[in-house]
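Residues in the sequence shown are numbered consecutively from 274, following the numbering used here.
Report on the following structure.
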Amino acid sequence: MHRLETWIGRISAGVVSLVLLAMMLQIVVDVIIRGVLGAGFPATGELVSRYYMVAISFVPLAMGLHASPTCQLAFDGAEGELVGEEGNGLKAMFAMMNHARLDVALQGVAHAARAADLARRYAEERKQGRDATGTVVTIDLHADVARMIDTCDALALGGRALCHITMVAQERGTDPDFVAFMTPVCKYFCTEAGTRAADLAIQVMGGYGYLREYGAEQNWRDSRICAIYEGTNGIQARTTATRSLAMNGGAGVRAFAAFVRESGADLAAAATAWEDEARQVAASNDPAAEAHRFMEHTSALAYRAAWARIAAVAERAPDPARLTRLAAPITTSTGGNTGGEDGVARASLGDARQTA
(Lines of atoms letter the chains of each structure in order from A and count residues from 1; the text may use other names and numbers.)
(Lines give C-alpha, C1' and ligand atoms only; values in the text may rest on other atoms or scores of the structure.)
Protein backbone atom coordinates (compact mmCIF):
# COMPACT_ATOMS: atom_id res chain seq x y z
CA MET A 1 0.00 0.00 0.00
CA HIS A 2 2.86 2.36 0.86
CA ARG A 3 4.45 1.78 -2.55
CA LEU A 4 1.13 2.41 -4.27
CA GLU A 5 0.61 5.64 -2.35
CA THR A 6 4.15 6.75 -3.17
CA TRP A 7 3.57 5.98 -6.85
CA ILE A 8 0.28 7.88 -6.86
CA GLY A 9 1.97 10.79 -5.13
CA ARG A 10 4.71 10.94 -7.74
CA ILE A 11 2.19 10.92 -10.57
CA SER A 12 0.14 13.62 -8.88
CA ALA A 13 3.23 15.74 -8.30
CA GLY A 14 4.27 15.33 -11.92
CA VAL A 15 0.88 16.32 -13.25
CA VAL A 16 0.67 19.28 -10.87
CA SER A 17 4.13 20.42 -11.97
CA LEU A 18 3.12 20.31 -15.64
CA VAL A 19 -0.04 22.30 -15.01
CA LEU A 20 1.74 24.87 -12.83
CA LEU A 21 4.48 25.23 -15.43
CA ALA A 22 1.87 25.95 -18.09
CA MET A 23 0.23 28.51 -15.81
CA MET A 24 3.52 30.25 -15.04
CA LEU A 25 4.51 30.40 -18.70
CA GLN A 26 1.17 31.99 -19.52
CA ILE A 27 1.64 34.52 -16.71
CA VAL A 28 5.11 35.43 -18.02
CA VAL A 29 3.70 35.92 -21.51
CA ASP A 30 0.87 38.06 -20.16
CA VAL A 31 3.26 40.21 -18.12
CA ILE A 32 5.44 40.78 -21.18
CA ILE A 33 2.39 41.76 -23.22
CA ARG A 34 1.30 44.10 -20.42
CA GLY A 35 4.67 45.80 -20.59
CA VAL A 36 4.13 46.38 -24.29
CA LEU A 37 0.45 47.32 -24.21
CA GLY A 38 0.50 49.34 -21.00
CA ALA A 39 -1.70 49.60 -17.92
CA GLY A 40 -4.84 48.47 -19.71
CA PHE A 41 -3.65 44.90 -19.42
CA PRO A 42 -4.40 43.01 -16.13
CA ALA A 43 -1.88 43.34 -13.30
CA THR A 44 0.29 40.39 -12.26
CA GLY A 45 -1.72 39.75 -9.09
CA GLU A 46 -4.90 39.55 -11.12
CA LEU A 47 -3.22 37.12 -13.51
CA VAL A 48 -2.13 34.82 -10.69
CA SER A 49 -5.59 34.73 -9.12
CA ARG A 50 -7.17 34.13 -12.50
CA TYR A 51 -5.00 31.13 -13.38
CA TYR A 52 -5.14 29.54 -9.95
CA MET A 53 -8.88 29.08 -10.41
CA VAL A 54 -7.92 25.85 -12.21
CA ALA A 55 -7.31 22.90 -9.89
CA ILE A 56 -6.55 19.19 -10.31
CA SER A 57 -9.45 17.30 -8.80
CA PHE A 58 -8.58 13.72 -9.77
CA VAL A 59 -5.62 11.74 -11.12
CA PRO A 60 -6.85 8.46 -12.66
CA LEU A 61 -5.00 5.16 -12.41
CA ALA A 62 -5.45 3.91 -15.96
CA MET A 63 -4.95 0.40 -17.29
CA GLY A 64 -2.42 1.66 -19.82
CA LEU A 65 -0.71 4.79 -21.15
CA HIS A 66 0.96 5.31 -17.78
CA ALA A 67 3.22 8.04 -19.20
CA SER A 68 0.23 10.18 -20.18
CA PRO A 69 -0.27 13.18 -17.83
CA THR A 70 -4.04 12.74 -17.85
CA CYS A 71 -6.01 14.31 -15.04
CA GLN A 72 -9.41 15.79 -14.23
CA LEU A 73 -9.43 19.57 -13.90
CA ALA A 74 -11.90 21.73 -11.98
CA PHE A 75 -12.50 25.24 -13.32
CA ASP A 76 -13.80 27.46 -10.52
CA GLY A 77 -14.48 30.86 -12.02
CA ALA A 78 -11.59 30.60 -14.47
CA GLU A 79 -11.84 32.72 -17.59
CA GLY A 80 -12.36 30.96 -20.90
CA GLU A 81 -11.50 32.05 -24.43
CA LEU A 82 -14.02 31.65 -27.24
CA VAL A 83 -12.55 29.69 -30.14
CA GLY A 84 -14.31 30.51 -33.39
CA GLU A 85 -17.91 31.65 -33.45
CA GLU A 86 -20.42 31.08 -30.68
CA GLY A 87 -22.63 28.07 -31.41
CA ASN A 88 -20.15 26.48 -33.84
CA GLY A 89 -18.06 24.64 -31.29
CA LEU A 90 -19.16 21.17 -32.36
CA LYS A 91 -18.28 21.89 -35.98
CA ALA A 92 -14.81 23.07 -34.96
CA MET A 93 -14.33 20.06 -32.72
CA PHE A 94 -15.13 17.59 -35.51
CA ALA A 95 -12.66 19.29 -37.84
CA MET A 96 -10.03 18.35 -35.27
CA MET A 97 -11.62 15.00 -34.50
CA ASN A 98 -11.43 13.67 -38.06
CA HIS A 99 -7.69 14.35 -38.15
CA ALA A 100 -7.33 12.77 -34.71
CA ARG A 101 -9.16 9.64 -35.84
CA LEU A 102 -6.58 9.00 -38.53
CA ASP A 103 -3.85 9.65 -35.97
CA VAL A 104 -5.39 7.07 -33.64
CA ALA A 105 -5.69 4.63 -36.55
CA LEU A 106 -1.93 4.97 -37.01
CA GLN A 107 -1.49 4.39 -33.28
CA GLY A 108 -3.30 1.08 -33.77
CA VAL A 109 -0.93 0.30 -36.65
CA ALA A 110 2.03 1.06 -34.38
CA HIS A 111 0.75 -1.37 -31.75
CA ALA A 112 0.31 -4.07 -34.41
CA ALA A 113 3.84 -3.46 -35.70
CA ARG A 114 5.21 -3.54 -32.16
CA ALA A 115 3.38 -6.81 -31.54
CA ALA A 116 4.86 -8.35 -34.69
CA ASP A 117 8.38 -7.28 -33.68
CA LEU A 118 8.03 -8.57 -30.12
CA ALA A 119 6.60 -11.90 -31.24
CA ARG A 120 9.12 -12.42 -34.03
CA ARG A 121 12.15 -11.53 -31.92
CA TYR A 122 11.10 -13.88 -29.13
CA ALA A 123 10.14 -16.74 -31.45
CA GLU A 124 13.43 -16.55 -33.36
CA GLU A 125 15.34 -17.16 -30.12
CA ARG A 126 13.06 -19.57 -28.24
CA LYS A 127 14.08 -23.17 -28.93
CA GLN A 128 11.46 -25.86 -28.58
CA GLY A 129 10.98 -29.19 -30.34
CA ARG A 130 12.76 -30.81 -33.28
CA ASP A 131 12.26 -30.95 -37.02
CA ALA A 132 12.01 -34.10 -39.13
CA THR A 133 15.80 -34.53 -39.04
CA GLY A 134 15.92 -34.36 -35.26
CA THR A 135 17.47 -30.89 -35.15
CA VAL A 136 16.31 -28.59 -32.36
CA VAL A 137 14.35 -25.67 -33.85
CA THR A 138 13.15 -22.27 -32.73
CA ILE A 139 9.40 -21.82 -32.37
CA ASP A 140 9.11 -19.41 -35.30
CA LEU A 141 9.39 -22.58 -37.42
CA HIS A 142 6.29 -24.06 -35.77
CA ALA A 143 3.42 -23.64 -38.21
CA ASP A 144 0.93 -22.18 -35.75
CA VAL A 145 3.42 -19.72 -34.29
CA ALA A 146 4.46 -18.63 -37.79
CA ARG A 147 0.79 -18.10 -38.63
CA MET A 148 0.26 -15.82 -35.65
CA ILE A 149 3.39 -13.77 -36.38
CA ASP A 150 2.33 -13.41 -40.02
CA THR A 151 -1.10 -12.27 -38.88
CA CYS A 152 0.44 -9.51 -36.73
CA ASP A 153 2.67 -8.51 -39.63
CA ALA A 154 -0.19 -8.46 -42.12
CA LEU A 155 -2.41 -6.39 -39.85
CA ALA A 156 0.33 -3.79 -39.39
CA LEU A 157 1.21 -3.54 -43.08
CA GLY A 158 -2.37 -3.62 -44.33
CA GLY A 159 -3.53 -1.08 -41.77
CA ARG A 160 -0.63 1.24 -42.55
CA ALA A 161 -1.44 1.03 -46.26
CA LEU A 162 -5.08 1.98 -45.63
CA CYS A 163 -4.05 4.98 -43.54
CA HIS A 164 -1.49 6.18 -46.06
CA ILE A 165 -3.88 5.81 -49.00
CA THR A 166 -6.45 7.87 -47.11
CA MET A 167 -3.97 10.50 -45.95
CA VAL A 168 -2.50 10.95 -49.44
CA ALA A 169 -6.01 11.60 -50.76
CA GLN A 170 -6.55 14.03 -47.89
CA GLU A 171 -3.29 15.86 -48.60
CA ARG A 172 -4.01 16.16 -52.31
CA GLY A 173 -7.58 17.28 -51.68
CA THR A 174 -8.75 15.51 -54.83
CA ASP A 175 -11.33 13.13 -53.32
CA PRO A 176 -12.87 14.50 -50.10
CA ASP A 177 -15.78 12.03 -50.29
CA PHE A 178 -13.35 9.09 -50.23
CA VAL A 179 -11.44 10.61 -47.29
CA ALA A 180 -14.64 11.25 -45.33
CA PHE A 181 -15.82 7.68 -45.93
CA MET A 182 -12.48 6.05 -45.11
CA THR A 183 -11.71 7.99 -41.92
CA PRO A 184 -14.03 5.97 -39.62
CA VAL A 185 -13.14 2.77 -41.49
CA CYS A 186 -9.42 3.32 -40.84
CA LYS A 187 -10.04 4.20 -37.22
CA TYR A 188 -12.17 1.09 -36.67
CA PHE A 189 -10.03 -1.43 -38.53
CA CYS A 190 -6.59 -0.29 -37.43
CA THR A 191 -7.42 0.04 -33.74
CA GLU A 192 -9.11 -3.37 -33.66
CA ALA A 193 -6.09 -4.74 -35.52
CA GLY A 194 -3.70 -3.24 -32.98
CA THR A 195 -5.44 -4.92 -30.06
CA ARG A 196 -5.76 -8.20 -31.96
CA ALA A 197 -2.08 -8.26 -32.87
CA ALA A 198 -1.06 -7.30 -29.33
CA ASP A 199 -3.09 -10.23 -28.03
CA LEU A 200 -1.49 -12.62 -30.53
CA ALA A 201 2.00 -11.50 -29.51
CA ILE A 202 1.22 -12.50 -25.92
CA GLN A 203 0.04 -15.88 -27.23
CA VAL A 204 3.22 -16.41 -29.24
CA MET A 205 5.37 -15.62 -26.20
CA GLY A 206 3.32 -17.85 -23.92
CA GLY A 207 3.82 -17.31 -20.20
CA TYR A 208 6.61 -14.82 -20.85
CA GLY A 209 4.17 -12.69 -22.82
CA TYR A 210 2.08 -12.45 -19.68
CA LEU A 211 5.00 -10.99 -17.72
CA ARG A 212 5.55 -7.25 -17.58
CA GLU A 213 9.28 -7.24 -18.26
CA TYR A 214 8.84 -8.62 -21.80
CA GLY A 215 6.73 -5.69 -23.04
CA ALA A 216 3.91 -7.60 -24.72
CA GLU A 217 1.41 -7.01 -21.92
CA GLN A 218 2.16 -3.27 -21.92
CA ASN A 219 1.59 -3.17 -25.67
CA TRP A 220 -1.81 -4.80 -25.18
CA ARG A 221 -2.78 -2.45 -22.32
CA ASP A 222 -1.72 0.63 -24.26
CA SER A 223 -3.48 -0.52 -27.44
CA ARG A 224 -6.83 -1.09 -25.73
CA ILE A 225 -7.65 2.61 -25.39
CA CYS A 226 -7.46 3.13 -29.16
CA ALA A 227 -10.88 1.56 -29.75
CA ILE A 228 -12.34 3.95 -27.16
CA TYR A 229 -11.03 7.48 -27.56
CA GLU A 230 -11.67 9.90 -30.45
CA GLY A 231 -15.04 8.21 -30.84
CA THR A 232 -15.58 4.58 -29.84
CA ASN A 233 -15.46 1.98 -32.57
CA GLY A 234 -19.19 1.49 -32.14
CA ILE A 235 -19.62 5.15 -33.06
CA GLN A 236 -17.35 4.68 -36.10
CA ALA A 237 -19.52 1.78 -37.22
CA ARG A 238 -22.71 3.76 -36.68
CA THR A 239 -21.28 6.72 -38.60
CA THR A 240 -20.43 4.49 -41.55
CA ALA A 241 -23.85 2.81 -41.62
CA THR A 242 -25.75 6.10 -41.36
CA ARG A 243 -24.01 9.38 -42.19
CA SER A 244 -21.39 7.95 -44.58
CA LEU A 245 -23.96 6.11 -46.70
CA ALA A 246 -26.13 9.20 -47.07
CA MET A 247 -23.29 11.70 -47.48
CA ASN A 248 -23.52 13.82 -50.66
CA GLY A 249 -26.08 11.55 -52.24
CA GLY A 250 -23.98 8.42 -51.76
CA ALA A 251 -20.74 9.94 -53.09
CA GLY A 252 -18.71 8.22 -50.37
CA VAL A 253 -20.18 4.83 -51.29
CA ARG A 254 -19.27 5.34 -54.94
CA ALA A 255 -15.76 6.50 -54.04
CA PHE A 256 -15.12 3.48 -51.82
CA ALA A 257 -16.47 1.02 -54.40
CA ALA A 258 -14.25 2.63 -57.05
CA PHE A 259 -11.23 2.27 -54.76
CA VAL A 260 -11.95 -1.44 -54.30
CA ARG A 261 -12.40 -2.04 -58.05
CA GLU A 262 -9.21 -0.17 -58.87
CA SER A 263 -7.31 -2.37 -56.42
CA GLY A 264 -7.64 -5.47 -58.58
CA ALA A 265 -9.84 -7.16 -61.15
CA ASP A 266 -10.57 -10.00 -58.71
CA LEU A 267 -12.34 -7.53 -56.41
CA ALA A 268 -14.94 -6.30 -58.90
CA ALA A 269 -17.59 -8.80 -57.81
CA ALA A 270 -16.90 -8.09 -54.14
CA ALA A 271 -17.31 -4.36 -54.75
CA THR A 272 -20.67 -4.92 -56.45
CA ALA A 273 -21.88 -7.16 -53.62
CA TRP A 274 -20.80 -4.55 -51.10
CA GLU A 275 -22.69 -1.82 -52.96
CA ASP A 276 -25.83 -3.97 -52.83
CA GLU A 277 -25.36 -4.45 -49.09
CA ALA A 278 -24.80 -0.71 -48.60
CA ARG A 279 -28.08 0.06 -50.35
CA GLN A 280 -29.91 -2.45 -48.18
CA VAL A 281 -28.46 -0.98 -44.98
CA ALA A 282 -29.28 2.57 -46.06
CA ALA A 283 -32.86 1.58 -46.88
CA SER A 284 -33.45 -0.40 -43.68
CA ASN A 285 -35.70 0.90 -40.91
CA ASP A 286 -32.81 0.94 -38.45
CA PRO A 287 -29.38 1.24 -40.13
CA ALA A 288 -27.70 1.56 -36.72
CA ALA A 289 -28.77 -1.99 -35.89
CA GLU A 290 -26.77 -3.18 -38.91
CA ALA A 291 -23.78 -0.99 -38.12
CA HIS A 292 -21.40 -3.51 -36.54
CA ARG A 293 -21.91 -6.21 -39.17
CA PHE A 294 -21.70 -3.70 -42.01
CA MET A 295 -18.51 -2.14 -40.65
CA GLU A 296 -16.91 -5.57 -40.30
CA HIS A 297 -17.70 -6.28 -43.96
CA THR A 298 -16.58 -2.83 -45.09
CA SER A 299 -13.28 -2.82 -43.21
CA ALA A 300 -12.58 -6.39 -44.33
CA LEU A 301 -13.06 -5.40 -47.96
CA ALA A 302 -10.86 -2.34 -47.51
CA TYR A 303 -8.17 -4.59 -46.00
CA ARG A 304 -8.37 -6.96 -48.97
CA ALA A 305 -8.10 -4.04 -51.36
CA ALA A 306 -5.04 -2.68 -49.56
CA TRP A 307 -3.32 -6.05 -49.69
CA ALA A 308 -4.22 -6.50 -53.36
CA ARG A 309 -2.33 -3.29 -54.02
CA ILE A 310 0.62 -4.41 -51.91
CA ALA A 311 0.74 -7.77 -53.70
CA ALA A 312 0.69 -6.04 -57.09
CA VAL A 313 3.97 -4.24 -56.32
CA ALA A 314 5.56 -6.86 -54.06
CA GLU A 315 8.35 -7.58 -56.56
CA ARG A 316 9.71 -4.08 -56.00
CA ALA A 317 10.19 -4.71 -52.28
CA PRO A 318 13.48 -5.86 -50.69
CA ASP A 319 11.73 -9.08 -49.58
CA PRO A 320 9.05 -9.88 -52.18
CA ALA A 321 8.58 -13.45 -50.95
CA ARG A 322 7.49 -12.20 -47.53
CA LEU A 323 4.86 -9.84 -48.95
CA THR A 324 3.59 -12.48 -51.36
CA ARG A 325 3.26 -14.97 -48.51
CA LEU A 326 1.40 -12.48 -46.31
CA ALA A 327 -0.91 -11.43 -49.13
CA ALA A 328 -1.93 -14.92 -50.24
CA PRO A 329 -4.52 -15.82 -47.55
CA ILE A 330 -5.98 -12.30 -47.64
CA THR A 331 -6.32 -11.62 -51.34
CA THR A 332 -7.68 -15.10 -52.11
CA SER A 333 -10.40 -14.96 -49.43
CA THR A 334 -13.92 -13.59 -49.59
CA GLY A 335 -13.55 -11.23 -46.64
CA GLY A 336 -11.44 -10.19 -43.70
CA ASN A 337 -11.61 -9.80 -39.98
CA THR A 338 -9.78 -8.11 -37.16
CA GLY A 339 -10.94 -10.61 -34.56
CA GLY A 340 -14.39 -9.17 -33.85
CA GLU A 341 -16.88 -11.13 -31.81
CA ASP A 342 -18.95 -12.30 -34.77
CA GLY A 343 -15.92 -13.70 -36.59
CA VAL A 344 -16.93 -12.44 -40.04
CA ALA A 345 -14.86 -13.93 -42.88
CA ARG A 346 -11.86 -14.92 -40.79
CA ALA A 347 -9.99 -16.42 -43.73
CA SER A 348 -8.28 -13.20 -44.76
CA LEU A 349 -6.37 -13.10 -41.50
CA GLY A 350 -5.42 -16.74 -41.69
CA ASP A 351 -8.15 -17.51 -39.14
CA ALA A 352 -5.90 -16.18 -36.41
CA ARG A 353 -8.49 -16.64 -33.74
CA GLN A 354 -9.29 -20.28 -34.35
CA THR A 355 -6.19 -21.82 -32.84
CA ALA A 356 -4.52 -18.91 -31.09
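Cβ atoms here follow ideal geometry from the backbone N, Cα and C, with glycine treated the same way.
- For Leu574, the three-state secondary structure derived from DSSP is helix.
- When the alpha-carbon of Leu599 is set against those of Ala556, Ala429 and Ala373, the nearest one is in Ala429.
- Inclusion of Leu338 and Arg485 in the CB contact set at 9 Å is not warranted, their separation being larger than that value.
- Per DSSP, Ile438 is one residue of the alpha helix (DSSP H) stretching across Ala416 to Arg445.
- The shortest C-alpha to C-alpha distance from His437 to any of Ala575, Val332 and Ala590 is the one to Ala575.
- Annotated three-state conformation of Leu346 is strand, per DSSP.
- The beta carbons of Ala416 and Leu473 sit no closer together than 9 Å.
- In the pairwise beta carbon analysis, the segment 443-453 is classified as not touching the segment 381-398: fewer than three pairs are separated by under 8 Å.
- Of the other Cβ atoms in all chains shown, fewer than 16 fall within 10 Å of the Cβ of Glu588; this residue is therefore exposed.
- Its chain contains Thr411 as the residues whose beta carbon lies nearer than 8 Å to that of Glu398, once the 5 sequence neighbours on both sides are disregarded; these appear in chain order.
- Annotated as distal: Phe367 and Met455, with beta-carbon spacing of 9 Å or more.
- Residue range Val327 to Phe331 is occupied by the beta strand (DSSP E) that includes Ile329, with no alpha helix (DSSP H) assigned at that position.
- Between the segment 455-464 and the segment 495-508 there are three or more inter-stretch CB-CB distances shorter than 8 Å, so the stretches are counted as touching.
- DSSP places Val554 in the uninterrupted alpha helix (DSSP H) bounded by Ala541 to Ala556.
- The secondary-structure analysis by DSSP pairs Arg403 across a beta bridge with Val409.
- The segment 420-435 makes contact with the segment 575-584, as at least three CB pairs between them are under 8 Å.
- Cβ contact annotation for Asn371 (same chain, cutoff 7 Å, sequence separation greater than five): Thr456, in chain order.
- For Ala365, the uninterrupted alpha helix (DSSP H) run begins and ends at Gly362 to Glu398, by DSSP.
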